[in-house]
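To start, the structure itself, in structure tokens.
Numbering (UniProt numbering), first residue to last: 1 to 174.
See below:
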């Protein structure tokens with residue numbers, strides 16, 4: 001570790017080859033540990049200070065950059081259109097096809113790209129016979145490189161089918 005710490009007017013650094021001691025995890029997930037420190041300025045290698053530092057929570061991992069998915073050649077649109085789905089089962093199948101169209105990334109990779117949905121959540125959504133939640137659908141489209149126009153189409157199809165999902169009354173247009 002190369003960070004310097006100040007204590008009582010002196011600068012300290014983590015001692016060379018120091019191992020953490022008294023490591024613990026708080027209920028909120030914060031990881032804490034103690035490390036022996038040495039004076040930072042011209043200190044003989046064997047001299048150690050008696051100060052310990054406590055590490056705070058780890059920073060949240062940054063989402064991976066979503067690679068750009070190339071569009072199909074004009075006249076050969078292979079991108080699945082969620083607006084064609086007339087049932088929840090067809091919508092879920094469109095989601096599976098959209099994932100394949102976007103290069104079939106692993107659920108773990110999709111999760112890392114957005115940082116808001118777990119790999120298990122994506123997997124369960126594509127195995128389920130129920131409409132995914134709206135936030136999961138948003139994360140799904142974004143994790144596959146979809147833009148705002150793509151999400152608008154998916155959201156519109158989702159809203160149209162939401163009235164047909166179990167527990168909802170059917171929406172009739174007169």
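We put the CB at the ideal spot given by N, CA and C, even for glycine. All values reported here derive from a predicted model rather than from experimental measurement.
Extent of the continuous beta strand (DSSP E) run through residue i
i          : result
residue 15 : Premise fails: residue 15 is in no beta strand (DSSP E) and is neither H nor E.
residue 33 : 31 to 39
Alpha helix (DSSP H) segment containing residue i, residue limits
i           : result
residue 91  : 88 to 101
residue 85  : No alpha helix (DSSP H) contains residue 85, which DSSP labels as neither H nor E.
residue 148 : 148 to 162
residue 108 : 107 to 114
From the options, residue whose alpha carbon lies closest to that of residue i
i           : options            : result
residue 103 : 71, 121, 129, 76   : 71
residue 143 : 130, 69, 73        : 69
residue 138 : 126, 91, 116, 5    : 116
residue 101 : 75, 127, 145       : 145
residue 161 : 149, 134, 141, 140 : 134
Cβ-based burial, residue i [other Cβ within 10 Å; buried from 16]
i           : result
residue 157 : buried
residue 27  : exposed
residue 86  : exposed
residue 111 : buried
residue 108 : exposed
residue 159 : exposed
Separation of residue j from residue i, as counted between CA atoms
i           : j           : result
residue 170 : residue 153 : Low confidence applies here, because residue 170 scores a pLDDT of 46, under 50, leaving its location unreliable and the question unanswered by this model.
residue 17  : residue 123 : 42 Å
residue 131 : residue 38  : 58 Å
residue 11  : residue 4   : 6 Å
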